[in-house]
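Following: one structure in structure tokens, then a few remarks.
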Amino acid sequence: MSIDSIPVRVAAIEAVAPMIREFRLEAIDGSLPAFSPGSHVQVAMPGEQREIRNAYSLCSDPRETGSYRIAVRLQEDSRGGSAFMHSQVSVGDRLQITPPANFFAPAWHARKHLLIAGGVGITPFMSYIPELERQGADFELHYLYRSSQTGAYRDELMHRLGQAFNGYDSDAGVRCDLSVLLSNREPGSHVYICGPESLIEGVRETARALGWPESLIHYEAFAAPEPGEPFKAKLVRSGRAVEVAADESLLEALEREGIEVPNLCRGGVCGQCVTSVVEGSVEHRDDFLSADEKASGTCIMPCVSRAAGNHLILDL
Amino acid sequence: MRMSPKPVQTFRDDFTYSNSPGAIARFPFPFPEDEYRYSVNIEPHVTPGPEGSVYEFLLDIDEHYLSEMAERDIVLKENPQRCLAMPHMDLACWDMIERCMQSLAADYPQHFSLTIDGDQWTWHNRLLNIHDSFTFGDSSTLPLPPMEYMGRQVQGDFALLDQRDGDLFLDAGIVTCPADWSLAFDAGMSFSEWHGPVPMAHEMGVFDRALKYLTAIPVGRPVRRLNWTLTVNARMDTSPETYPNWGTDRASVTADNVGEKVHLRVELQVLDRMPRSNALMFSIRTYLLSFDDLVTNPDWARRMHRVLKTLPPELVEYKGLGRYHDLAVEWLSRFDPAN
Amino acid sequence: MQIDPSIKSRPTYQAPMLEEPAGLQLFVCQPEARGLLEPLYQQCASAQAQWVLADEETGTEALLASLQQMLVNVPVSTRLYVAGHEGFLWDVRNLALEAGLVDEQIQLAPPVSRGRRLFCTHCYTLMEGVEASPHSCSGCGRLLLVRDHFSRLHGAYVGVQINAEDPSELPEQEVLQ
């Protein structure tokens with residue numbers, strides 16, 4: 001990992017839902033950096049074929065810097081990360097994490113915060129809630145889950161938040177009517193969504209249909225890179241060639257070959273890994289580059305984007 | 001060479017401010033090449049930097065500490081609106097307190113100490129005889145609002161930029177030694193708005209690129225850049241507010257007094273992500289060096305001449321050098337016979 | 001000194017366009033600007049459209065006070081269309097922002113006059129309807145160069161003493177663009 005990675009020790013592991021495990025990570029020396037609500041860290045996992053790095057939201061109180069908590073849902077189609085965390089990691093193990101970074105911070109000037117969580121998407125809100133409480137902010141949590149799989153922390157949250165807690169267990173047939181949730185809201189209400197793409201899209205569409213201004217809707221846009229066709233990346237400066245497999249990202253393939261590219265979000269948001277393209281067309285999948293930059297074909301975000309053909313030539 | 005604070009000197013009236021040989025040696029001379037050009041000249045502010053340099057620590061405390069704090073007190077007493085913090089910036093102000101106190105106590109243990117017991121903090125600033133205990137995060141337990149409390153103990157101007165909707169907003173700050181910008185007027189502005197008056201750079205796309213870079217700065221990886229202008233007399237407070245007091249200085253430069261009157265004014269600007277609020281802390285640490293002191297270094301003298309000689313007219317105008325630019329170039333030319 | 005040719009903080013204005021859907025369409029204007037919003041109001045479904053007008057006698061301050069009360073109970077999907085003098089446009093916008101609205105839901109029509117609100121950077125006095133530069137400050141009496149640098153928070157352009165470097169200079173007034 002990069003120079004400023006932080007070694008941590010797994011201090012506790014707890015099943016917080018049938019498919020979700022919580023890991024408490026302690027600093028090996030000193031304390032951990034303070035962080036803002038909505039922050040995430042990358043966790044490096046030594047997988048069988050290659051190192052895997054996944055970003056996980058911190059789900060503890062930002063005031064608690066003795067340890068961090070993350071919660072990991074076992075993905076059925078895991079690319080290795082969640083399966084590794086669930087089956088290979090034990091209490092006492094050492095892991096490497098990055099310092100926290102944040103692309104999902106609260107809008108501090110909001111009049112009201114509507115937090116909408118789907119399944120393991122509750123995690124960033126576990127760091128929001130203590131800070132919003134400290135500031136005496138007005139907020140509601142709407143928590144959609146399936147009790148046979150997810151629903152972590154719901155009892156604790158129900159007791160803690162009282163009226164501000166709204167749970168929807170689809171396994172018990174309780175649905176969330178988004179248009180009811182989003183209707184009759186006062187100005188200055190900001191909505192935050194963390195969950196599956198379908199939930200994010202559902203909230204955005206409903207809000208748009210109800211006339212909500214876009215800038216009141218916040219969501220965690222980044223997700224694990226989607227697979228694609230394999231391709232070859234040629235590197236002009238080092239004269240090397242890297243094969244990118246269907247189930248790995250270009251960034252991961254470069255790292256596997258020992259080529260470090262600066263990066264933070266690994267999800268096409270932060271812009272740190274932008275790399276110049278010398279030749280070849282790009283399938284852009286990021287939220288960072290402008291439409292003009294994408295059309296120019298001169299750069300790529302290797303964390304999520306891939307070759308549109310069978311090769312790319314990069315200025316690396 | 002590390003600098004120890006010396007007794008108070010003035011940045012107004014009789015201008016007793018002076019630089020010791022050690023302070024001249026560590027002056028951050030800002031020109032990497034002979035011709036001045038615009039660039040997004042941002043680089044990582046990796047600390048500790050070279051020992052004794054202005055880059056050694058996050059916050060540079062030098063021989064002018066007491067003088068600058070005395071000057072800040074005069075400015076704030078005259079006009080309390082030189083410091084402001086919008087209500088939603090409270091957490092960011094505490095971020096700034098934490099970052100400043102922890103760095104000062106770690107980097108200058110002879111001057112500052114901090115004791116943390118849960119939320120109970122005790123801060124000791126031996127240079128200013130400040131000894132306070134307070135509850136972290138509770139502004140009512142401080143003797144002053146948090147921005148002013150911290151700002152009165154660190155050299156340089158500070159702004160806290162709220163990050164939202166992919167932009168940065170100037171929502172808090174303490175600005176008593178600016179190079180001609182007003183916090184009271186620019187408060188609440190977005191990144192491109194408060195750079196509105198800067199000529200040429202917008203068209204070059206400098207601010208669009210810089211904004212993308214700045215909004216992605218992670219915690220613990222501050223960046224810095226140098227900015228510069230010229231100031232007549234060793235005046236820290238060259239604000240628009242007080243321009244009627246210092247405007248005539250510009251007309252006071254003559255061929256005989258360039259060396260003592262004209263000062264190179266360099267800002268060491270540092271941008272640092274605040275961990276708890278996700279705001280950016282923007283510190284603007286100002287260094288002043290008279291041309292007489294500057295030309296004690298022949299390389300600087302030569303380069304200063306070339307930079308001023310090739311400075312585009314738009315920038316001569318923007319930096320307010322019109323009345324004495326030619327005099328300064330002429331005076332410097334004797335140190336650069338080849339040009 | 002020249003007046004800056006293009007300063008990025010200076011706002012540009014476009015004729016408002018109807019935005020839908022909206023829970024409430026508010027048309028806020030000074031009397032002399034009503035014509036700018038009338039066609040838009042006519043296009044609206046009447047149930048959602050509402051005028052917020054200045055009373056001839058009580059004037060703009062009363063309008064702002066009643067708007068402030070009104071905004072406490074409007075839907076999040078409210079749209080505001082504002083017309084009048086430039087300073088008024090930004091007063092309405094800032095009041096709406098305080099109530100929690102965001103810029104996306106507020107459209108400001110091109111100002112009905114070229115009179116500017118001016119912020120004296122020396123004594124912080126605000127002056128209305130300034131049409132020429134330099135302008136004598138009503139607070140401190142200094143002769144102010146009216147610049148194009150604009151603050152949305154103050155709804156004003158900045159004024160800086162034009163002859164601070166040589167007070168004997170008395171430049172001629174020029175009409176502002």
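Residue numbers (full-length UniProt numbering), protein chains in the order written: chain S, 1 to 316; chain B, 1 to 339; chain C, 1 to 177. Beta carbons are placed, not taken as given, at the ideal position from N, Cα and C, and that holds for glycine. Just so we're clear, the structure is a prediction, and the values are computed from it rather than from any experiment.
Going along chain S, which residues have a C-beta under 9 Å from residue i?
i        : result
C/THR78  : PRO187, GLY211
C/LEU101 : PRO187, GLY188, PRO213
C/PRO21  : ARG208, ALA209, LEU210, GLY211
Would residue i be called buried (16 or more neighbouring beta carbons within 10 Å of its own) or exposed?
i                      : result
C/GLN2                 : Unreliable positioning characterises C/GLN2 in this predicted model, as indicated by a pLDDT of 40, which lies under 50. The coordinate reading is nonetheless provided below. Exposed, since its Cβ has fewer than 16 Cβ neighbours within 10 Å.
B/MET1                 : Its pLDDT being 49, under 50, B/MET1 is placed unreliably by the model, and nothing is read from it.
B/ARG126               : exposed
B/PRO7                 : exposed
B/ASN129               : exposed
residue 193 of chain C : Lying before the first or after the last residue shown, residue 193 of chain C is absent from chain C, which here runs from 1 to 177.
C/SER133               : buried
B/THR176               : buried
S/LEU216               : buried
B/PRO21                : exposed
S/GLN42                : buried
S/SER250               : The question names Ser, but residue 250 of chain S in the sequence shown is Leu. Its Cβ being crowded by 16 or more others within 10 Å, S/LEU250 is buried.
B/LYS309               : buried
S/ILE28                : exposed
C/LEU108               : buried
C/LEU74                : Checking the displayed sequence, the identity of residue 74 of chain C turns out to be Val instead of Leu. Buried, by the Cβ-count rule.
Just the chain C side, please: which residues come within less than 7 Å of residue i by C-beta, in chain order?
i        : result
B/PRO244 : HIS122, ARG142, GLN161, ALA164
Taking 8 Å as the cut-off, decide whether the C-beta atoms of residue i and residue j are in contact.
i                      : j        : result
C/LEU26                : C/GLN50  : yes
B/PHE136               : B/TRP181 : no
S/PHE262               : S/ASP247 : Checking the sequence, you will find Pro at residue 262 of chain S rather than Phe. No, Cβ-Cβ distance for S/PRO262 and S/ASP247 is not below 8 Å.
S/ALA304               : S/GLY280 : First, the amino acid is wrong: residue 304 of chain S is Val here, not Ala. No, they are not a contact pair.
B/THR231               : B/HIS263 : yes
S/PRO37                : S/GLU133 : no
S/PRO213               : C/GLN105 : yes
C/PRO110               : C/ALA15  : yes
S/LEU199               : S/ILE259 : no
S/TYR143               : S/ARG154 : yes
residue 338 of chain S : S/VAL274 : The structure shown does not extend to residue 338 of chain S, since chain S spans only 1 to 316, so no value can be given for it.
C/ALA99                : S/GLY211 : no
B/SER4                 : B/LEU58  : no
B/LEU311               : B/PRO199 : no
B/LEU160               : B/MET89  : yes
C/SER78                : C/LEU143 : Note that residue 78 of chain C corresponds to Thr in the displayed sequence, not to Ser. Their beta carbons are not under 8 Å apart, which means C/THR78 does not touch C/LEU143 by this criterion.
Interface residues of chain B around residue i at Cβ under 7 Å?
i        : result
S/HIS109 : HIS88
S/TYR115 : The question names Tyr, but residue 115 of chain S is Leu in the sequence shown. Ordered by position in chain B, no residue passes the 7 Å Cβ test against S/LEU115, which lies about 17 Å from the chain.
How would you list, in chain order, the residues of chain B whose beta-carbon sits under 9 Å from the beta-carbon of residue i?
i       : result
C/LEU24 : Here the premise fails: no neighbours, minimum Cβ distance about 24 Å.
S/GLN96 : By Cβ distance, chain B contributes nothing, its closest Cβ being about 15 Å from S/GLN96, past 9 Å.
Quick one: which chain C residues come within Cβ less than 8 Å of residue i?
i        : result
S/CYS184 : The question names Cys, but residue 184 of chain S in the sequence shown is Asn. Residues of chain C passing the Cβ test: PRO75.
B/THR248 : ALA164, GLU165, ASP166, PRO167
S/LEU216 : VAL76, VAL102
Please list the partners that residue i has in chain S, where partner means a Cβ-to-Cβ separation under 7 Å.
i        : result
B/ARG164 : ALA107
C/GLN50  : The contacting residues do not exist; C/GLN50 stays about 15 Å from chain S at best.
C/GLN105 : PRO213
Using a cut-off of 9 Å between C-beta atoms, extract the partners of residue i located in chain C.
i        : result
B/GLY173 : Result: empty, since nearest Cβ-Cβ is about 14 Å, beyond 9 Å.
Chain B contacts made by the stretch 22 to 46 of chain S, where a contact means CB separation under 9 Å: PRO33, ALA34, PHE35, SER36, PRO37, GLY38, SER39
Any residues in the stretch 116 to 139 of chain C with a beta carbon nearer than 8 Å to a beta carbon of chain B? Which ones, in chain order? PHE119, THR121, HIS122, TYR124
Mind pulling the alpha helix (DSSP H) runs of 4 or more residues that sit fully within the stretch 55 to 99 of chain C? Positions of the alpha helix (DSSP H) runs, each at least 4 residues long and wholly inside the stretch 55 to 99 of chain C, are given as 59 to 71, 86 to 98 in order along the chain.
Kindly provide the ranges of any alpha helix (DSSP H) runs that are 4 or more residues long and lie completely inside the UniProt domain "FAD-binding FR-type" (3 to 107) of chain S, ordered along the chain. 81 to 87
Listed in chain order, which residues of the stretch 55 to 72 of chain C have Cβ atoms closer than 7 Å to some Cβ of chain S? LEU71
Can you list the beta strand (DSSP E) stretches of 3 or more residues lying completely in the stretch 102 to 143 of chain B, in chain order? 112 to 117, 120 to 125, 130 to 135
Contiguous alpha helix (DSSP H) assignments of at least 4 residues, all confined to the UniProt domain "2Fe-2S ferredoxin-type" (231 to 316) of chain S: 250 to 256, 291 to 296
Give, in chain order, every residue of the stretch 258 to 288 of chain S whose Cβ lies closer than 7 Å to some Cβ of chain B. LEU264, CYS270, GLY271, GLN272
Along the stretch 178 to 189 of chain B, where does the CB come closer than 8 Å to a CB of chain C? Name the residues. SER182, ALA184, PHE185, ASP186, ALA187, GLY188, MET189
Contacting positions in the stretch 126 to 146 of chain S - beta carbon closer than 7 Å to chain C: none
Interface residues of the stretch 211 to 232 of chain B facing chain S [CB-CB below 9 Å]: LYS212, TYR213, THR215, ALA216, PRO218, VAL219, GLY220, ARG221
Ignoring anything shorter than 3 residues or poking outside the stretch 222 to 310 of chain B, list the beta strand (DSSP E) runs there in chain order. Taking 3 residues as the shortest admissible run, the stretch 222 to 310 of chain B contains the following complete beta strand (DSSP E) segments, listed from N- to C-terminal end: 223 to 232, 262 to 273, 280 to 290.
Residues from the stretch 309 to 323 of chain B in contact with chain C, defined by Cβ distance under 7 Å: ARG323
Entirely enclosed alpha helix (DSSP H) segments - the stretch 142 to 198 of chain S, minimum 4 residues: 154 to 161, 178 to 182
In chain order, which alpha helix (DSSP H) runs of at least 4 residues are fully inside the stretch 91 to 156 of chain C? none
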